[in-house]
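Enquirer: One structure coming up, written as structure tokens, with questions to follow.
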């Protein structure tokens, strides 16, 4: 019985697509450009991390209030990295989501075809 | 010409054991066939491999080697599934359902046109009239077996595979099951019957296969299996006797001719000479005894 | 297809009659109502809190539903021998799995959508606006639930129910991790861990509770992409589950 070339084709297509996969594809922090993450040097006044520390104990509020600064709402900055480094916000990885979805569907077809029971050849008793 | 409903060829199922223990051959090179309009009895003691064989036939187990083909096709083929009915040993079903719900679902799954009137007639045929809308949860073992039979008969199968269908049933229920088997055979269905009840097999089967320790030890038409070629039965009348005085006796085949001569010389009249028949139990025990060691 | 759909209907009825689903649904709704009580304790940003924790709770609820509905279906069928009459004649293995999955998926989807309605009701009761993105988020939650359901079915064909739950939970947790977090679990084998992370699902694709809670608009196309990914991974898991199921003997 001739075997269908479909699983071979699907496997080859999946392999080609997967060759473009990188282990860090979804780690936006690693693959995003600096202007995306907003982690360019946007603090020219040179204030450091201590200004963003959590207020500790009573008595520090007045002192901290003078150093506390706010960023514009909804803007990517070093304080909102956790919020924007998610797939919904990083449109440059959406094509990778589509790629992986196609690969998964192709692999599902391959697994199906390969695992299907073979038809019995009719034979003379 | 269409292939046979069931053709089992050198079927083997081996369970491998771990840690250096020997493998266990649950079924060992078993071959047999079932023709349309025939009831084949499948006999064997507990652990002989009967249920394992049936599960291989149905595709529930994968044979280690050999094959089981139904109309030349493999068990999982949809064309096969549409033509067989199966009555399992100790059947069980989702107990929150009723028989009518199950029959409707099975009909739907099989693509059958399931009118409720036909389903009620089917349940009545297997003795479940009045229980159509009762939950299976409250059913006895015998009632579940009746439901199994109804599900198996629903599609008017060309091959009926029955695994101990009457175990645990009362004598009346067993007779009802036997009658249904004979009706199905008359319809042209092939029936593969695995049973412990030798009397039942003796009553309905055309041929029998006897299994022991996974191997086939006897096979043949029931009349041939039961015929005792070592013994003959003579029916004769004494000198001057009437039909009310008929005498039946069994003699060894080696002395048959001498006995016939002796009866004639004494003036008696020979009415019938035929091979003596053994009971199936004698055949079965003889087969088991021959297979010991 | 007709056979699979008929069996899915049977599965749906069976699951609804077993009542497991009602217990899980009650737990989810109680948890949501508990979240709705938090604003009375003076928490700032009440609506943000309710939506954020509510959606997180629903993700956990999706996992609980998947485990509760599917982890015991096949093992129970096998032990009680109810699988034999089904698999012997009317159903192929693929139809069995397809029907069981579809039936469970319908029950799970209904429970999740009901839970989202519960979350919306809690917001409305407390006088907060219901975010518009909560509707597409509900359907994305359903897709995530279906993926977890497929994972549970996959495990059910080769593990016991008590092992199925922790395996599913483990997969759920590690699939939320970023690559760096995952690699840090075994820092001595970064290459292997990166490869493994590539293979494991990226469940952060489903994470949209943060923008919804903080009133950020999520592009509509993203919901479609994420749903596509979820459905593709579900199909892959089901095909692998079926491949495993086909090798199992029904003793």
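Chains as they are written, first to last, in the working numbering: chain A, -6 to 118; chain B, 9 to 301; chain C, 2 to 252. All C-beta atoms in this analysis are idealised placements derived from N, C-alpha and C, irrespective of residue type, glycine included. All values reported here derive from a predicted model rather than from experimental measurement.
What does DSSP give as the partner residue(s) for residue 258 of chain B in the beta ladder?
Expert: B:241
Enquirer: Rounded to a whole number of angstroms, what is the C-alpha to C-alpha distance between residue 156 of chain B and residue 118 of chain B?
Expert: 15 Å
Enquirer: Closest to residue 26 of chain C by C-alpha separation, out of C:10, C:73, C:82, C:120, would be which residue?
Expert: C:120
Enquirer: Looking at C-alpha atoms only, which residue of C:16, C:126, C:73 is the closest neighbour of residue 162 of chain C?
Expert: C:73
Enquirer: Can you list, in chain order, the stretches of the alpha helix (DSSP H) that have 4 or more residues and sit fully within the stretch 125 to 181 of chain C?
Expert: Correct list: 135 to 157, 162 to 175.
Enquirer: Could you tell me whether the Cβ of residue 112 of chain B comes closer than 7 Å to any Cβ of chain C?
Expert: no
Enquirer: Tell me residue 218 of chain B's beta-bridge partners as DSSP assigns them.
Expert: B:51, B:226
Enquirer: List the residues of chain C whose Cβ lies closer than 8 Å to the Cβ of residue 99 of chain B, in chain order.
Expert: 82, 85, 86
Enquirer: May I ask you to list the residues that DSSP assigns as paired with residue 167 of chain B?
Expert: B:92, B:198
Enquirer: Taking only beta-carbon positions, decide if residue 104 of chain B is within less than 7 Å of chain C.
Expert: yes
Enquirer: Is the beta carbon of residue 12 of chain C closer than 7 Å to that of residue 96 of chain C?
Expert: no
Enquirer: Quick one, which residues of the stretch 49 to 64 of chain C are near chain A if we go by CB-CB under 9 Å, in chain order?
Expert: none
Enquirer: Got a sec? Which residues, its chain only, sit under 7 Å from residue 57 of chain B by beta carbon, not counting five neighbours each side?
Expert: 34, 35, 219, 222
Enquirer: When the Cα of residue 234 of chain B is compared with those of B:40, B:244, B:215, B:242, which residue comes out closest?
Expert: B:215
Enquirer: Between the C-alpha atoms of residue 84 of chain A and residue 194 of chain C, what's the straight-line distance to the nearest angstrom?
Expert: 25 Å
Enquirer: Excluding five sequence neighbours on each side, which residues of the same chain lie with their C-beta closer than 6 Å to the C-beta of residue 73 of chain B?
Expert: 20
Enquirer: Using a Cβ-Cβ cut-off of 6 Å (strictly less than) and excluding sequence neighbours within five positions of residue 143 of chain C, which residues of its own chain qualify?
Expert: Cβ neighbours of residue 143 of chain C beyond the five flanking positions: 110, 113.
Enquirer: Do the stretch 151 to 170 of chain B and the stretch 98 to 118 of chain B make contact, defined as three or more Cβ pairs closer than 8 Å?
Expert: yes
Enquirer: Could you work out which residue in B:47, B:250, B:173 is closest to residue 308 of chain B when comparing CA atoms only?
Expert: With chain B running from 9 to 301 in the structure shown, residue 308 of chain B is simply not present.
Enquirer: For the beta strand (DSSP E) holding residue 6 of chain B, just list the boundary residues, first then last.
Expert: This structure gives no information on residue 6 of chain B, because the portion of chain B shown stretches from 9 to 301.
Enquirer: Who are the Cβ neighbours of residue 205 of chain C in its own chain at under 7 Å, not counting the five residues just before and after it?
Expert: Excluding sequence neighbours, residue 205 of chain C sits near 177.
Enquirer: Which residues in the same chain as residue 34 of chain C place their Cβ atom closer than 7 Å to its Cβ, once the five residues preceding and following it in sequence are excluded?
Expert: 123
Enquirer: Checking 7 Å against the spacing of the C-beta atoms, do residue 104 of chain A and residue 240 of chain C come in under that value?
Expert: yes
Enquirer: Three-state secondary structure (DSSP) at residue 243 of chain C?
Expert: Here residue 243 of chain C sits in helix by DSSP.
Enquirer: Can you pull the chain C residues whose beta carbon is under 7 Å from the beta carbon of residue 116 of chain B, in chain order?
Expert: For residue 116 of chain B, the chain C residues whose C-beta falls within less than 7 Å of its own C-beta are 7, listed in chain order.
Enquirer: Are the Cβ atoms of residue 64 of chain C and residue 151 of chain C separated by less than 7 Å?
Expert: no
Enquirer: To the nearest angstrom, report how far apart residue 168 of chain C and residue 196 of chain C are at their CA atoms.
Expert: One C-alpha to the other measures close to 19 Å.
Enquirer: Near residue 143 of chain B, what residues of its chain come up, given a Cβ to Cβ distance below 8 Å and the 5 sequence neighbours on each side ignored?
Expert: Answer for residue 143 of chain B: 103, 104, 105, 106, listed in chain order.
Enquirer: Going straight from the alpha carbon of residue 292 of chain B to that of residue 66 of chain C, what length do you get?
Expert: 55 Å
Enquirer: Reducing DSSP to helix, strand and coil, say where residue 150 of chain B ends up.
Expert: helix
Enquirer: Does residue 30 of chain B pass the burial test, meaning 16 or more other C-beta atoms within 10 Å, or should it be called exposed?
Expert: exposed
Enquirer: Going straight from the alpha carbon of residue 234 of chain C to that of residue 82 of chain C, what length do you get?
Expert: Rounded to the nearest angstrom, the two C-alpha atoms are 31 Å apart.
Enquirer: State the Cα-Cα distance for the pair residue 230 of chain B and residue 47 of chain B, rounded to the nearest angstrom.
Expert: 10 Å
Enquirer: Would residue 102 of chain C and residue 154 of chain C be called neighbours here (beta carbons separated by less than 7 Å)?
Expert: Note that the C-beta distance between residue 102 of chain C and residue 154 of chain C is below 7 Å.
Enquirer: Along the chain, where does the beta strand (DSSP E) containing residue 9 of chain C start, and where does it finish?
Expert: First-last for residue 9 of chain C: 3 to 19, but that is the alpha helix (DSSP H), not the beta strand (DSSP E).
Enquirer: Determine, using beta carbons only, whether residue 88 of chain A comes closer than 7 Å to chain C.
Expert: Taking Cβ atoms only, chain C never reaches closer than 7 Å to residue 88 of chain A, which makes this a no.
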